């Protein structure tokens, strides 16, 4: 970034302004690329958590001599969760130890495969120190932007997002905004999160005062009553009166949401979750923090081993050390639960987890941790339905009632017949109907159940071929929660049956 700024941005720029504003633009082949240059990873994470599509393309910089590091893995997870396309810049190609093939191989494990290996990710070798390949990188970004057909409407009221904000002595609240749609004009009345004011002055990354700013333009704005929060959206309103009304509504909505909302994701949610009917594997996303590497690996391996074809554990982050802000931001982004083993959250992380409603669980006994995750996974399993026999009735006579159909006058000969149960119609032991009752009566009254030894009238749903001496068999389908062991037995049985089928001769 330093090389791009020094080589591509106007020479007259005051050195500190770019760092100050945290964003700048460069021209490449008659196009303008805007770089967001914010050191704080948490700011970008928070923006993503608020659902803002801040970046269109991510440049993942990996050193050719070191390959991927823990920070790289964290960046990859953020990019993949945000669904942003990636270009890989393999840096330090000027070093003797540079090994670009190792970088490609390591990244392929994360699903980032280079184009020359049959993948769809651009890999560009560069040397930031010497400047080699930087122009190629910028051209690759421009090409990918063209392929992505990134477009924005410059007309109409401006919309944007806060990258940074602060209070400057003598100047008041200052917000760095990336305009995403429309054009912001000097003097426009604006609402930014829960702050409002006028765009009294706008300055670009060169320190120049702008009369207006269109899409993808980063600007510093002066004139707000309070510094907004990174990730807040900027909107243009008619006047100050409307701005105050919007602010009050937002404050009220936030207060109501804080009262009504529970945790975004908690283990308790998974314990009691009603599984869906889809055949897709359901995932429980986790972030694990441990005191030592050995414990981390052991816990991770134990939890991953609980996965099967229906439910799976996915460890999206973590490692050795206390639970930090980055863990909490990633947890909200990925819909994950944070587990701490002999590790507690930092003070800032604890507060952030409360603000973002992220569930943090801490343990000192490994078996309790594993048991909780096991229970959570079982909450995701589709239930099993077992048939429960209720009773039988014998048809003694039949009556045809207009507009209703055949009603069977029957005697309950075993157990009972209950409203809402399933019914099979048996004739000489053969099943002719298996479905629901349309009615259950004693004399002319609807009843909930008829016990053994009593007479009743039974009607079947959309079925009238009932004869004397037929039998009705009543049953219920009872839901039973399955355990992980049940799935293991099913998989084991299926694989053994398949093996037997392969080894046995086919006979007809």
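In the numbering used here, the protein residues as written are -11 to 496.
All residues carry an ideal CB built from backbone N, CA and C; glycine is no exception.
These numbers were taken from a predicted model, which means no experiment stands behind them.
Practice prompt. Under the assumption that residue 389 contacts residue 409 (Cβ atoms under 8 Å), give the Cβ distance between them as a whole number of angstroms.
Written response: If you number the chain shown from 1, residue 389 lands on position 401. If you number the chain shown from 1, residue 409 lands on position 421. Incorrect: roughly 22 Å between the Cβ atoms, too far for contact.
Worksheet item: Alpha carbon to alpha carbon, what distance is there between residue 19 and residue -6?
Response: If you number the chain shown from 1, residue -6 lands on position 6. If you number the chain shown from 1, residue 19 lands on position 31. Approximately 18 Å between the Cα atoms of the pair.
Worksheet item: DSSP three-state call for residue 330: helix, strand or coil?
Response: Against the chain shown, residue 330 aligns to sequence position 342. The answer is coil: DSSP assigns residue 330 none of H, G, I, E or B.
Practice prompt. Go through its chain and collect everything with a Cβ distance to residue 92's Cβ below 7 Å, but skip five positions before and after it.
Written response: Reading the chain shown from its first residue, position 104 is the one you call residue 92. Excluding sequence neighbours, residue 92 sits near 102, 105, 111.
Worksheet item: Is it true that the stretch 412 to 430 meets the stretch 357 to 368, where meeting means three or more beta-carbon pairs spaced less than 8 Å apart?
Response: no
Discussion item. On the criterion of 16 or more Cβ atoms from any shown chain inside 10 Å, does residue 284 qualify as buried, or is it exposed?
Written reply: Along the chain shown, one-based indexing puts residue 284 at 296. Burial call: buried.
Fill in: Distance, residue 15 Cα to residue 152 Cα
Looking up residue 152 in the chain shown gives position 164. Looking up residue 15 in the chain shown gives position 27. For residue 152 and residue 15, the gap between their C-alpha atoms comes out near 23 Å.
Worksheet item: Whole-angstrom Cβ separation of residue 295 and residue 330, contact assumed at under 8 Å?
Response: The count along the chain shown starts at 1 and reaches residue 295 at position 307. The count along the chain shown starts at 1 and reaches residue 330 at position 342. Not quite, the Cβ-Cβ distance comes to about 24 Å (not below 8 Å), so this is no contact.
Fill in: CB contact flag (residue 56, residue 75, <9 Å)
Locating residue 56 in the chain shown gives position 68, counting from the first residue. Locating residue 75 in the chain shown gives position 87, counting from the first residue. No; because the gap between Cβ atoms is not below 9 Å, this pair is not in contact.
Practice prompt. Tell me whether residue 222 is buried or exposed, calling it buried when 16 or more other Cβ atoms sit within 10 Å of its Cβ.
Written response: Along the chain shown, read from residue 1 onward, the residue named residue 222 stands at position 234. It is buried - the Cβ of residue 222 has at least 16 other Cβ atoms within 10 Å.
Worksheet item: Going by the CB atoms, is the gap between residue -9 and residue 122 shorter than 9 Å?
Response: Locating residue 122 in the chain shown gives position 134, where the first residue counts as 1. Locating residue -9 in the chain shown gives position 3, where the first residue counts as 1. Closer than 9 Å, so yes.
Practice prompt. Check residue 43 in the structure and name its three-state DSSP category.
Written response: Taking the first residue of the chain shown as 1, we reach residue 43 at position 55. Residue state, collapsed to three classes: coil.
Worksheet item: With residue 455 and residue 383 assumed to form a contact (beta carbons below 8 Å), what rounded beta-carbon distance in angstroms separates them?
Response: The residue you call residue 455 lines up with position 467 of the chain shown. The residue you call residue 383 lines up with position 395 of the chain shown. Contact holds; Cβ gap of about 7 Å.
Discussion item. Quick check on residue -9: does DSSP put it in helix, strand or coil?
Written reply: Mapped onto the chain shown, residue -9 falls at position 3. DSSP places residue -9 in helix when its eight states are reduced to three.
Item to complete: May I ask you to report which of helix, strand or coil DSSP gives residue 104?
Response: On the chain shown, residue 104 is found 116 positions in, with the first residue counted as 1. Annotated three-state conformation of residue 104 is helix, per DSSP.
Discussion item. Using 9 Å as the threshold, is the C-beta distance between residue 190 and residue 166 below it?
Written reply: Start at 1 with the first residue of the chain shown, and residue 190 comes out as number 202. Start at 1 with the first residue of the chain shown, and residue 166 comes out as number 178. Cβ distance not < 9 Å, so residue 190 and residue 166 don't count as in contact.
Discussion item. For residue 457 and residue 401, I'd like the C-alpha separation in whole angstroms.
Written reply: For the purposes of this step, residue 457 is taken as residue 469 along the chain shown, with counting starting at 1. For the purposes of this step, residue 401 is taken as residue 413 along the chain shown, with counting starting at 1. Going from the Cα of residue 457 to the Cα of residue 401 covers about 12 Å.
Worksheet entry | residue 305 versus 272, 459, 177, 220, residue with shortest Cα-Cα distance | Start at 1 with the first residue of the chain shown, and residue 305 comes out as number 317. Taking only the C-alpha atoms, the option nearest residue 305 is 272.
Worksheet item: Of all the alpha helix (DSSP H) runs that stay within the bounds of the stretch 104 to 179, which reach a length of 4 or more residues?
Response: 122 to 136
Worksheet item: Given residue 451, which residues of its chain have a CB within under 6 Å of its CB, disregarding the five upstream and five downstream residues?
Response: In the chain shown, the residue the question calls residue 451 occupies position 463. So the list reads 421, once near-sequence residues are dropped.
Item to complete: Could you say which of 434, 204, 156 lies nearest to residue 212 if we only look at CA atoms?
Response: Within the chain shown, numbered from 1, the residue matching residue 212 stands at position 224. By alpha-carbon distance to residue 212, the top candidate from 434, 204, 156 is 156.
Worksheet item: How should residue 81 be labelled, buried or exposed, when 16 other C-beta atoms within 10 angstroms of its C-beta is the threshold for buried?
Response: Translated into positions along the chain shown, residue 81 becomes position 93. Looking at its Cβ environment, which holds 16 or more other Cβ atoms inside 10 Å, residue 81 is buried.
Discussion item. If contacts are defined as beta-carbon pairs under 8 Å, then residue 147 and residue 238 qualify, I think. What distance do you get, rounded to the angstrom?
Written reply: For the purposes of this step, residue 147 is taken as the residue at position 159 of the chain shown. For the purposes of this step, residue 238 is taken as the residue at position 250 of the chain shown. Residue 147 to residue 238, Cβ: 15 Å. No contact.
Fill in: As assigned by DSSP and simplified to three states, the class of residue 88
Along the chain shown, read from residue 1 onward, the residue named residue 88 stands at position 100. Note: residue 88 maps to helix in three-state DSSP.
Discussion item. Assuming contact is defined by CB atoms lying nearer than 9 Å, are residue 399 and residue 442 in contact in what I supplied?
Written reply: In the chain shown, residue 399 corresponds to position 411, counting from 1. In the chain shown, residue 442 corresponds to position 454, counting from 1. Against a cut-off of 9 Å, the Cβ pair of residue 442 and residue 399 comes out as a contact.
Worksheet item: What's the gap between the Cα of residue 463 and the Cα of residue 291?
Response: Against the chain shown, residue 463 aligns to sequence position 475. Against the chain shown, residue 291 aligns to sequence position 303. CA-CA distance, residue 463 to residue 291, rounds to 39 Å.
Practice prompt. For residue 209, I'd like the list of residues in its chain whose CB is within less than 7 Å of its CB, leaving aside the five on either flank, ordered along the chain.
Written response: Taking the first residue of the chain shown as position 1, residue 209 is located at position 221. Only 163, 165, 187, 190 meet the Cβ criterion.
Discussion item. Let me check one thing: in DSSP terms, what residues is residue 79 bridge-paired to?
Written reply: By one-based count along the chain shown, residue 79 stands at place 91. Note: residue 79 sits in a beta bridge opposite 51.
Worksheet item: In the DSSP assignment, what residue or residues form a beta bridge with residue 445?
Response: Residue 445 sits at position 457 when you count from the first residue of the chain shown. Answer by DSSP bridge pairing, in chain order: 397, 429.
Fill in: Option nearest residue 235 by Cα separation, candidates 436, 178, 276, 87
Walking along the chain shown from the start, residue 235 turns up at place 247. Cα-wise, what sits closest to residue 235 is 178.
Worksheet item: In terms of residue numbering, what span does the alpha helix (DSSP H) encompassing residue 314 cover?
Response: Start at 1 with the first residue of the chain shown, and residue 314 comes out as number 326. That run of the alpha helix (DSSP H) goes 313 to 322.
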